[in-house]
Amino acid sequence: MDSLESNDQLTIVNGSTKHRISKQLIRKVPYFEKMLSLDLKESKENKVMLNFDEKALKSFLNWLELGNIFIEMDYVINLCNMLDYFGIKDDLIQDCIKHFNDNFSIEHLSVVIPQVTSTSMLINSGTLNAFICRYFTKIVNTSVWLDYPIETIEYICALNLMIHSEYQVFDVIMKWVKFKADSRMCHLNRLLKLVRWCHLEDKELFRITEQVQSLNYQPSKLCSFLKRDCDLNCNRTQQEHFIEIYELNATSLRIIISDNNFFPLIEQVVKLNNSMAIDVLHDEHVSDVFFDSGMEGIRIDWKRNEYRLLDRSQYETYFIKIHNCIQEKNFLEPVCLPANAELIWKYFQTNKSNYFRSTILDDNIYMISPQDFFKFNIYTHEKTIIRLERFKKGLPLGNLLIASRKANDDRVILIDKSTKDAFCFNVNTQQWSSIGRIIDCDRKSPVVQDSTHKLLTLTSTFISLDTISTYLKNNKGGRPKLPKKQIIL
Numbered sequence: 001m002d003s004l005e006s007n008d009q010l011t012i013v014n015g016s017t018k019h020r021i022s023k024q025l026i027r028k029v030p031y032f033e034k035m036l037s038l039d040l041k042e043s044k045e046n047k048v049m050l051n052f053d054e055k056a057l058k059s060f061l062n063w064l065e066l067g068n069i070f071i072e073m074d075y076v077i078n079l080c081n082m083l084d085y086f087g088i089k090d091d092l093i094q095d096c097i098k099h100f101n102d103n104f105s106i107e108h109l110s111v112v113i114p115q116v117t118s119t120s121m122l123i124n125s126g127t128l129n130a131f132i133c134r135y136f137t138k139i140v141n142t143s144v145w146l147d148y149p150i151e152t153i154e155y156i157c158a159l160n161l162m163i164h165s166e167y168q169v170f171d172v173i174m175k176w177v178k179f180k181a182d183s184r185m186c187h188l189n190r191l192l193k194l195v196r197w198c199h200l201e202d203k204e205l206f207r208i209t210e211q212v213q214s215l216n217y218q219p220s221k222l223c224s225f226l227k228r229d230c231d232l233n234c235n236r237t238q239q240e241h242f243i244e245i246y247e248l249n250a251t252s253l254r255i256i257i258s259d260n261n262f263f264p265l266i267e268q269v270v271k272l273n274n275s276m277a278i279d280v281l282h283d284e285h286v287s288d289v290f291f292d293s294g295m296e297g298i299r300i301d302w303k304r305n306e307y308r309l310l311d312r313s314q315y316e317t318y319f320i321k322i323h324n325c326i327q328e329k330n331f332l333e334p335v336c337l338p339a340n341a342e343l344i345w346k347y348f349q350t351n352k353s354n355y356f357r358s359t360i361l362d363d364n365i366y367m368i369s370p371q372d373f374f375k376f377n378i379y380t381h382e383k384t385i386i387r388l389e390r391f392k393k394g395l396p397l398g399n400l401l402i403a404s405r406k407a408n409d410d411r412v413i414l415i416d417k418s419t420k421d422a423f424c425f426n427v428n429t430q431q432w433s434s435i436g437r438i439i440d441c442d443r444k445s446p447v448v449q450d451s452t453h454k455l456l457t458l459t460s461t462f463i464s465l466d467t468i469s470t471y472l473k474n475n476k477g478g479r480p481k482l483p484k485k486q487i488i489l
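Residue numbers (the UniProt record's numbering): 1 to 489.
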């Protein structure tokens, strides 16, 4: 290569790889145009040192030289970050966004996770982690989970997953190890460190000991995990909360989040925003709450104090997107709904919430129809009628709410909205008891003085640890001083 031709070429050194490209061509990129126009070392030496993903850079250079580009999920985020760094703001970035949004699924987690950072484009680590934590129990019940590499399993199990028990984490680790036991047993010790042992109950520890013995894993090794200190302020098994939603007026809701004993943790007034995006991959400070047996939905942005109701068309489209992210594309199911509504449709062939009220606790659906209150076991299909003398003349579904935690509890809560009376059915003793009444002890509160006091729902939902801690921190780490509109025991 003669000196004239050499002066017309720019050498790009990316890690251990070198690329040569025409200066005239590369000047179309704002970053290189600025660099070559200044009296810089790179301009004089016709060489620039970069440190980008090689696949992304090669794809970009091909686009410059050939006018087309082939985008793949294993470098699309790196490519988009690089384009932004180079100052490219044209349709190519939009192509990256469209490709990612159209193709993302849990199958790609193993290549997406290494690309994300707290500031990465397309999706950042906060948004990705929120998606994984929210849908962890669905992800681990797919065949995709079994094919993840060890690094992906390790990354996921270290997050503040929305779970009811640390045993769930142990169980899916074992499921992954056993799938290819010969090659994966060597990773067991490494993965078991991700179980937060101090938050396990004795009965769960006993089950764990039995399982590891079946794999010839010495139970004595568990002792080292049990002695490890846990971050007691980060118990990921305590992210399920009861949530009360009151209608203040046409554009405002009052929300109270309570702990397992209905002690209030957060009170928030949120304003209607019909322009709020309904994306599957949403910010970590956004929560979706479903009620009326999973047939009604609301999206809440805790950071902006905004909400948006999900109408039926948005609702169905949203869950089809979730379904496609987690299951195989175009794999048709009868409905794509939250757990309550999906199971109701599966076993009772109806999705009309005016015909029933239901909640799911462990393996059972507790359902009120106009005629009966009964329990239906999801696995045995056994139906058991539950007597409720108060409503023996008929069950006024329009005035009733039914709620429970998703698991690890013995209570089903029934609320008469007309009287605000609350009743509890103990699933162990099969006994009913009155637990109090939802009352307003502070009608002069500026928060509720214009309220119609209409209780839309009381249900349980997962609220992330970050959301709770951020709120409490902003309120000087203390419990909020709430107007006393709550269940009085």
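Beta carbons are placed, not taken as given, at the ideal position from N, Cα and C, and that holds for glycine.
* Asked: For Thr317 versus Ala403, is the C-beta distance shorter than 8 angstroms?
  -> The sequence position of residue 317 within the sequence shown is 317, counting from 1. The sequence position of residue 403 within the sequence shown is 403, counting from 1. No. Outside cutoff.
* Cβ-based burial, Lys175 [other Cβ within 10 Å; buried from 16] -> As a working note, residue 175 is residue 175 in the sequence shown. Looking at its Cβ environment, which holds fewer than 16 other Cβ atoms inside 10 Å, Lys175 is exposed.
* Since Val289 and Ile360 are thought to touch, with beta carbons under 8 angstroms apart, how far apart are those beta carbons, to the nearest angstrom? -> Along the sequence shown, read from residue 1 onward, the residue named residue 289 stands at position 289. Along the sequence shown, read from residue 1 onward, the residue named residue 360 stands at position 360. Not really, about 15 angstroms apart at Cβ, beyond 8 angstroms.
* **Under the three-state DSSP convention, the category Gln9 falls into** => Against the sequence shown, residue 9 aligns to sequence position 9. The answer is strand: DSSP assigns Gln9 an E or B state.
* Using alpha carbons as the reference points, say which of Asn129, Asp182, Lys178 lies closest to Cys157. => For the purposes of this step, residue 157 is identified with residue 157 of the sequence shown, where counting begins at 1. The candidate whose alpha carbon is nearest that of Cys157 is Asn129.
* Residues near Asn261 in its chain [Cβ-Cβ closer than 7 angstroms; skip 5 each side] -> Working through the sequence shown from its first residue, we reach residue 261 at position 261. Closer than 7 angstroms at Cβ, skipping near neighbours: no residue.
* **Inside the region 18-88 only - beta strand (DSSP E) runs reaching at least 3 residues** => 47-50
* Asked: Hey, quick one: how far does the beta strand (DSSP E) through Ile266 stretch, first residue to last?
  -> Along the sequence shown, one-based indexing puts residue 266 at 266. Looking at the DSSP string, the run of the beta strand (DSSP E) that includes Ile266 is 264-272.
* Can you have a look at Asn216 and say buried or exposed, based on whether 16 or more other CB atoms are within 10 angstroms of its CB? => If you number the sequence shown from 1, residue 216 lands on position 216. With fewer than 16 Cβ atoms within 10 Å of its Cβ, Asn216 is classed as exposed.
* Asked: Looking only at C-alpha atoms, which of Ile150, Leu455, Thr461 sits nearest to Leu188?
  -> Looking up residue 188 in the sequence shown gives position 188. For Leu188, the nearest C-alpha among the options comes from Ile150.
* Please go through the same chain and pick out, in chain order, the residues whose beta-carbon is closer than 6 angstroms to the beta-carbon of Lys55, but skip the five residues on each side of it. => The residue you call residue 55 lines up with position 55 of the sequence shown. Tyr75.
* **Backbone secondary structure at Ser451 - three-state DSSP** => Within the sequence shown, the letter at position 451 stands for residue 451. Legend: pLDDT at Ser451 = 43, less than 50; position of this residue unreliable, value from coordinates given subsequently. Ser451: coil per DSSP, three-state reduction.
* Identify whether Asp416 lies in helix, strand or coil by the three-state DSSP scheme. => The count along the sequence shown starts at 1 and reaches residue 416 at position 416. In the structure shown, Asp416 sits in a strand (DSSP, three-state: E or B).
* What does DSSP give as the partner residues of Gly126 in its beta bridges? -> For the purposes of this step, residue 126 is identified with residue 126 of the sequence shown, where counting begins at 1. DSSP lists no partner for Gly126.
* Could you tell me which of Asp292, Trp197, Glu247, Asp259 sits nearest to Val270, measuring between CA atoms? => On the sequence shown, position 270 is the one that residue 270 refers to. Selected option, being the one with the closest Cα: Glu247.
* Asked: Distance, Cα to Cα, Gly297 vs Met35?
  -> Position 297 of the sequence shown holds residue 297. Position 35 of the sequence shown holds residue 35. Straight-line Cα distance between these residues: approximately 52 angstroms.
* Assuming Phe373 contacts Lys383 (C-beta within less than 8 angstroms), just tell me the rounded distance between them. => Reading the sequence shown from its first residue, position 373 is the one you call residue 373. Reading the sequence shown from its first residue, position 383 is the one you call residue 383. That belief does not hold up - the Cβ atoms of Phe373 and Lys383 are roughly 11 angstroms apart, past 8 angstroms.
* Of the choices Ile208, Leu265, Lys454, Ile365, whose alpha-carbon is the least far from that of Ser469? -> What you label residue 469 is simply residue 469 of the sequence shown in a count that begins at 1. If we check each option's Cα against that of Ser469, Leu265 comes out closest.
* **8 angstroms Cβ cutoff met for Thr127 and His282** => In the sequence shown, counting from the first residue as 1, residue 127 sits at position 127. In the sequence shown, counting from the first residue as 1, residue 282 sits at position 282. Yes, Cβ-Cβ distance for Thr127 and His282 is below 8 angstroms.
* Asked: Less than 8 angstroms separating the beta-carbons of Ile77 and Val112?
  -> Within the sequence shown, residue 77 is the residue found at index 77, counting from 1. Within the sequence shown, residue 112 is the residue found at index 112, counting from 1. Their beta carbons are under 8 angstroms apart, which means Ile77 touches Val112 by this criterion.
* To do: Determine the closest residue to Gln292 out of Lys58, Ile463, Leu79, Lys417, with distance taken between C-alpha atoms.
  => As a working mapping, residue 292 is identified with position 292 in the sequence shown. Here residue 292 turns out to be Asp, not Gln, going by the sequence shown. For Asp292, the nearest C-alpha among the options comes from Lys417.
* For the candidate residues Val412, Ile320, Leu309, Glu389, whose alpha-carbon lies nearest to that of Arg357? -> Within the sequence shown, numbered from 1, the residue matching residue 357 stands at position 357. Per the Cα distances, Val412.
* To do: Report, in whole angstroms, the separation of the C-beta atoms of Ile365 and Ile385, which I expect to be a contact under 8 angstroms.
  => Within the sequence shown, residue 365 is the residue found at index 365, counting from 1. Within the sequence shown, residue 385 is the residue found at index 385, counting from 1. Ile365 to Ile385, Cβ: 13 angstroms. No contact.
* Glu306 - partner residues in DSSP beta bridges -> Translated into the one-based positions of the sequence shown, residue 306 becomes position 306. Partner(s): Lys271, Asp301.
* Give the DSSP-derived three-state secondary structure of Tyr246 in the structure shown. => On the sequence shown, position 246 is the one that residue 246 refers to. Strand.
* Burial state of residue 544 (16 or more Cβ within 10 Å) -> Look at the range of the chain in this structure, 1 to 489, and you will see that residue 544 is not part of it.
* To do: Note the first and the last residue of the continuous beta strand (DSSP E) segment covering Met162.
  => Position 162 of the sequence shown holds residue 162. First-last for Met162: undefined, no H or E at that position.
* **Environment of His323 [buried if 16+ CB atoms lie within 10 Å]** => Residue mapping note: residue 323 aligns to position 323 of the sequence shown, counting from 1. Label assigned to His323: buried.
* In DSSP terms, what Gln238 is bridged to -> On the sequence shown, residue 238 is found 238 positions in, with the first residue counted as 1. DSSP, once it has assigned bridges, lists no residue as partnering Gln238.
* Taking the C-alpha atoms as reference points, what is the distance between Ser105 and Tyr315? -> Translated into the one-based positions of the sequence shown, residue 105 becomes position 105. Translated into the one-based positions of the sequence shown, residue 315 becomes position 315. Distance between the alpha carbons of Ser105 and Tyr315 is about 19 angstroms.
* Asked: Can you tell me where the alpha helix (DSSP H) with Leu200 in it begins and where it stops?
  -> Start at 1 with the first residue of the sequence shown, and residue 200 comes out as number 200. Taken as a continuous stretch (DSSP letters only), Leu200 belongs to no alpha helix (DSSP H), as it is neither H nor E.
* To do: May I have the straight-line CA-CA distance separating Gln168 from Gln24, to the nearest angstrom?
  => What you label residue 168 is simply residue 168 of the sequence shown in a count that begins at 1. What you label residue 24 is simply residue 24 of the sequence shown in a count that begins at 1. Taking the straight line joining both Cα atoms gives about 58 angstroms.
* Cβ shell of Ser252 (< 8 angstroms), same chain only, five flanking positions each side left out -> Position 252 of the sequence shown, counting from 1, holds the residue named residue 252. Within the same chain, Ser252 has close Cβ partners Val269, Val270, Lys271, Leu272.
* Beta-carbon contacts of Val48 that lie in its chain and below 8 angstroms, excluding the five residues immediately before and after -> Here residue 48 refers to the residue found at position 48 when the sequence shown is read from its first residue. So the list reads Leu10, Thr11, Ile12, Val13, Phe32, Met35, Glu42, once near-sequence residues are dropped.
* To do: Mark His241 as exposed unless 16 or more other C-beta atoms lie within 10 angstroms of its C-beta, in which case mark it buried.
  => Position 241 of the sequence shown, counted from the first residue, corresponds to residue 241. The residue is buried, with at least 16 neighbouring Cβ atoms inside 10 Å.
* Asked: Does DSSP classify Tyr148 as helix, strand or coil?
  -> The count along the sequence shown starts at 1 and reaches residue 148 at position 148. In this structure, Tyr148 counts as coil in the three-state DSSP scheme.
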